[in-house]
Amino acid sequence: MKVLGIDIGTTTISLVVLDPEQKKVWESRTISNGTFMETAQEWERIQDVNKIVEKTREVLEGLLHAYPEVSSIGLTGQMHGILYVDREGRCISPLYTWQDGRGNVPDEHGKTLTEMVREKTGITVFTGYGLVTHLWNQLYGEVPEEAVGICTIADYLGMCLTGRKRPLLHASNAASLGFYDVKEHAFRRDILQNLAVNTEILPEVCQNFEQLGTYRGIPVTVAIGDNQASFLGSVGLKERTLLLNMGTGGQISVLSPDYFEAPGIEARPITEGNYLLVGASLCGGRAYAILERFLRSCVGTDESQYEKMEQLARAGQQQKDRMKVNTTFNGTRAHPELRGSILNVSEENFTPEGLVYGVLEGMAAELYEMFRVIQEGTGIQAEHLIASGNGLRRNPVLQEICSDMFGAVLTLADYREEAACGAAVSSR
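Its first residue numbered 1, the sequence shown is counted upward by one per residue in the UniProt record's numbering.
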């Protein structure tokens with residue numbers, strides 16, 4: 001059996017042909033997304049939808065030509081962001097990505113949209129969430145006149161492939177837009193109406209991996225969130241297995257039959273009867289990249305310092321009284337004003353190796369504290385750790401730190417393109 005998965009990421013687009021029974025990737029192709037559009041607003045982060053679809057279809061055609069026996073196509077992609085479609089199912093806007101900052105732009109009274117929503121409704125939402133973007137666009141007259149629906153970029157690709165005119169979103173993508181009740185599996189229409197949002201623009205939502213239609217006779221399933229796809233591609237639906245992802249950001253995910261949320265912990269839909277409990281750090285692997293950039297500037301070179309940093313981390317591992325580095329350089333979702341810090345600095349441990357190891361330990365500790373919140377609230381134990389993302393794959397010292405900190409054996413995910421593979425698995 002061969003199934004095909006597509007992952008439309010913010011920076012790259014990945015496609016895989018997978019045999020899930022043999023756990024064999026027949027072919028994997030990754031191309032640059034490279035579709036960000038220039039804009040006069042520094043807080044605006046938008047991408048060209050038509051270019052994304054064109055790039056993706058070109059690679060897809062090549063893979064289907066090489067593997068005509070592909071039996072299904074699954075989709076995933078960057079969550080939270082939205083685009084607008086008209087009555088014919090055509091995109092009539094750019095993709096407003098999850099990185100878009102309009103929700104944090106102060107108005108003439110110095111108040112941001114996210115602050116206004118919290119004060120008026122008691123709901124905490126974040127800039128970059130699709131319905132925050134839509135609400136801002138509505139307030140400032142930026143919604144296209146012909147708009148009748150919203151969806152994510154992966155959902156729109158599904159529409160393009162199957163000819164659908166109205167979006168159908170899996171609950172995982174619907175929840176990522178904000179104002180969604182995960183327990184009730186529905187948008188908070190009452191709150192949205194209180195904010196003067198026309199709820200007719202909301203998409204239809206499904207709980208299971210339903211078929212959207214076909215492309216060249218091949219079934220195409222509904223797009224799922226990239227977090228859920230990565231979990232499926234790395235863990236499947238195994239319980240008591242914790243997925244650690246360290247890419248640009250950091251993330252922990254664990255399957256739970258019970259709904260649980262707490263500050264910094266989000267319950268996300270995955271399949272009917274199950275939730276994915278997720279904690280995410282904004283900096284994550286970027287903290288290590290920031291340190292590498294700092295060290296390059298110190299030594300006055302443009303050459304990568306990662307190899308040297310691994311040697312330094314090994315040396316720092318031997319220190320007994322280590323400095324403590326908090327790597328919240330970009331704050332947290334709940335407290336964006338927080339910043340990083342370096343504590344317990346002494347004459348003995350204030351060394352390059354101590355700093356490198358401290359940053360790695362800080363990256364792991366931020367995720368571990370999130371898991372402790374989940375553990376205390378649900379009783380879930382982590383018997384296995386699965387690591388994904390280049391930040392972990394390429395850093396053996398960080399792998400060891402995580403294994404020791406979480407008290408479980410860590411193994412690397414079977415597939416490198418976890419999200420694309422998870423999308424493929426969801427299409428079976």
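We treat Cβ as the ideally placed atom computed from N, Cα and C, and that holds for glycine. For clarity, every value in this text was computed on a predicted model and none was experimentally measured.
- Message: So for S32, helix, strand or coil by DSSP?
- Response: Residue numbering aside, residue 32 sits at position 32 when the sequence shown is read from its first letter. Strand at S32.
- Item | Coil, strand or helix - N245 by DSSP | Locating residue 245 in the sequence shown gives position 245, where the first residue counts as 1. It is a strand residue.
- Message: If I follow the unbroken alpha helix (DSSP H) through A66, where does it start and stop?
- Response: Counting from one through the sequence shown, the residue named residue 66 turns up at place 66. From DSSP, the alpha helix (DSSP H) with A66 extends over 49 to 66.
- Item | Within 8 Å, strictly: CB atoms of V52 and I8 | Position 52 of the sequence shown, counted from the start, is the residue given in the question as residue 52. Position 8 of the sequence shown, counted from the start, is the residue given in the question as residue 8. Note that residue 52 is Ile in the sequence shown here, rather than Val. Yes. Within cutoff.
- Message: So, under 8 Å CB-CB, Q251 and V197 are touching, yes? Tell me the CB distance rounded to an integer number of Å.
- Response: The residue given as residue 251 occupies position 251 in the sequence shown. The residue given as residue 197 occupies position 197 in the sequence shown. Incorrect: roughly 29 Å between the Cβ atoms, too far for contact.
- Item | Endpoints, alpha helix (DSSP H) assigned at V299 | Residue mapping note: residue 299 aligns to position 299 of the sequence shown, counting from 1. 286 to 299 is the span of the alpha helix (DSSP H), which, as asked, contains V299.
- When we look at the beta-carbon of D258 and count the other beta-carbons within 10 Å, is it buried (16 or more) or exposed? As a working mapping, residue 258 is identified with position 258 in the sequence shown. D258 should be labelled exposed.
- Task: Could you check what DSSP says for F371 in three-state terms: helix, strand or coil?
- Result: Numbered from its first residue, the sequence shown carries residue 371 at position 371. The answer is helix: DSSP assigns F371 an H, G or I state.
- Beta-carbon proximity list for V105, same chain, < 7 Å, skipping 5 on both sides: For the purposes of this step, residue 105 is taken as residue 105 along the sequence shown, with counting starting at 1. Contacts found: W43, T112.
- For Q47, does the count of other Cβ atoms within 10 angstroms reach 16, so buried, or fall short, so exposed? In the sequence shown, residue 47 corresponds to position 47, counting from 1. Buried, because 16 or more other Cβ atoms sit within 10 Å of the Cβ of Q47.
- Message: I'd like the span of the alpha helix (DSSP H) that includes H185, first residue to last.
- Response: Against the sequence shown, residue 185 aligns to sequence position 185. No alpha helix (DSSP H) contains H185, which DSSP labels as neither H nor E.
- Query: For V85 versus C151, is the C-beta distance shorter than 8 Å?
  - Reply: Locating residue 85 in the sequence shown gives position 85, counting from the first residue. Locating residue 151 in the sequence shown gives position 151, counting from the first residue. Cβ distance < 8 Å, so V85 and C151 count as in contact.
- Item | N- and C-terminal bounds of the alpha helix (DSSP H) containing R314 | As a position in the sequence shown, residue 314 is number 314, starting the count at 1. That run of the alpha helix (DSSP H) goes 306 to 316.
- Query: Is the Cβ-Cβ distance between A413 and S253 less than 8 Å?
  - Reply: One-based indexing of the sequence shown puts residue 413 at position 413. One-based indexing of the sequence shown puts residue 253 at position 253. Going by C-beta atoms, A413 is not nearer than 8 Å to S253.
- From which residue to which residue does the alpha helix (DSSP H) around G213 run? Here residue 213 is taken as the residue at index 213 of the sequence shown, counted from 1. No alpha helix (DSSP H) contains G213, which is instead part of the beta strand (DSSP E) from 211 to 215.
- Query: What span of residues does the alpha helix (DSSP H) with R393 cover, start to end?
  - Reply: For this step, residue 393 is matched to residue 393 along the sequence shown. R393 -> alpha helix (DSSP H) spans 390 to 393.
- Message: Using the Cβ count rule (16 or more neighbours within 10 Å means buried), how would you classify residue 477?
- Response: In the structure as shown, the chain starts at 1 and stops at 428, and residue 477 therefore has no counterpart that could be examined.
- Item | CB contact flag (K2, V70, <8 Å) | Against the sequence shown, residue 2 aligns to sequence position 2. Against the sequence shown, residue 70 aligns to sequence position 70. Contact: yes.
- Message: Please classify V356 as buried or exposed, where buried requires at least 16 other C-beta atoms within 10 Å of its C-beta.
- Response: Position 356 of the sequence shown, counted from the start, is the residue given in the question as residue 356. That one is buried.
- Message: Quick check on the DSSP output: the beta strand (DSSP E) that includes R240 runs from which residue to which?
- Response: Position 240 of the sequence shown holds residue 240. It is not in any beta strand (DSSP E) - R240 carries neither H nor E in the DSSP assignment.
- What span of residues does the alpha helix (DSSP H) with A175 cover, start to end? Position 175 of the sequence shown, counted from the first residue, corresponds to residue 175. Note, A175: alpha helix (DSSP H), 171 to 176.
- Message: DSSP three-state label for residue 432, please.
- Response: Coverage of the chain is limited to positions 1 through 428, which leaves residue 432 absent and any answer about it impossible.
- Reference S403, options A365, L135, A420, closest by Cα: Against the sequence shown, residue 403 aligns to sequence position 403. S403 has its Cα closest to that of A365, out of A365, L135, A420.
- Which two residues bound the contiguous alpha helix (DSSP H) that contains N326? Translated into positions along the sequence shown, residue 326 becomes position 326. Careful: N326 lies outside any alpha helix (DSSP H), inside the beta strand (DSSP E) at 324 to 326.
- Query: Going straight from the alpha carbon of V345 to that of G358, what length do you get?
  - Reply: Here residue 345 corresponds to residue number 345 of the sequence shown, with the count starting at 1. Here residue 358 corresponds to residue number 358 of the sequence shown, with the count starting at 1. Taking the straight line from one Cα to the other gives about 11 Å.
- Inter-residue spacing [alpha-carbon to alpha-carbon] between I265 and V220: If you number the sequence shown from 1, residue 265 lands on position 265. If you number the sequence shown from 1, residue 220 lands on position 220. The alpha-carbon atoms of I265 and V220 are separated by roughly 32 Å.
- Message: Excluding the 5 residues flanking T301 on each side, which residues of the same chain have their C-beta closer than 7 Å to its C-beta?
- Response: In the sequence shown, residue 301 corresponds to position 301, counting from 1. Contacts found: none.
- Is the Cβ-Cβ distance between A174 and V148 less than 8 Å? As a first step, residue 174 is located in the sequence shown; it is residue number 174 there, counting from the start. As a first step, residue 148 is located in the sequence shown; it is residue number 148 there, counting from the start. No, these two residues do not count as a Cβ contact at 8 Å.
- Task: Tell me whether G110 is buried or exposed, calling it buried when 16 or more other Cβ atoms sit within 10 Å of its Cβ.
- Result: Position 110 of the sequence shown, counted from the start, is the residue given in the question as residue 110. With fewer than 16 Cβ atoms within 10 Å of its Cβ, G110 is classed as exposed.
- Message: Alpha carbons only, please: which of R293, L4, G340, I386 is nearest the one belonging to A408?
- Response: Here residue 408 corresponds to residue number 408 of the sequence shown, with the count starting at 1. A408 has its Cα closest to that of I386, out of R293, L4, G340, I386.
- Query: When burial is assigned at 16 or more other CB atoms within 10 Å of the CB, is N194 buried or exposed?
  - Reply: Position 194 of the sequence shown holds residue 194. Per the 10 Å Cβ criterion, exposed.
- Task: Quick one: measure Cβ to Cβ for I6 and N33, integer angstroms, because I've assumed they're closer than 8 Å.
- Result: Taking the sequence shown and counting its residues from 1, one reaches residue 6 at position 6. Taking the sequence shown and counting its residues from 1, one reaches residue 33 at position 33. Not confirmed; about 12 Å, so no contact.
- Compute the Euclidean distance between the alpha carbons of P167 and R90, then round it to the nearest angstrom. Locating residue 167 in the sequence shown gives position 167, where the first residue counts as 1. Locating residue 90 in the sequence shown gives position 90, where the first residue counts as 1. Using only the alpha carbons, I get a separation of about 11 Å.
- Message: So, at 8 Å on beta carbons, what are the nonlocal neighbours of Y215 in its own chain, with the 5 sequence-adjacent residues on each side left out?
- Response: Counting from 1 along the sequence shown, the entry for residue 215 is found at position 215. Contacts found: I73, L161, T162.
- Task: Could you check how far apart the C-beta atoms of L75 and L15 are, in whole angstroms? I think they sit under 8 Å.
- Result: For the purposes of this step, residue 75 is taken as the residue at position 75 of the sequence shown. For the purposes of this step, residue 15 is taken as the residue at position 15 of the sequence shown. So it is not a contact: roughly 10 Å between Cβ atoms.
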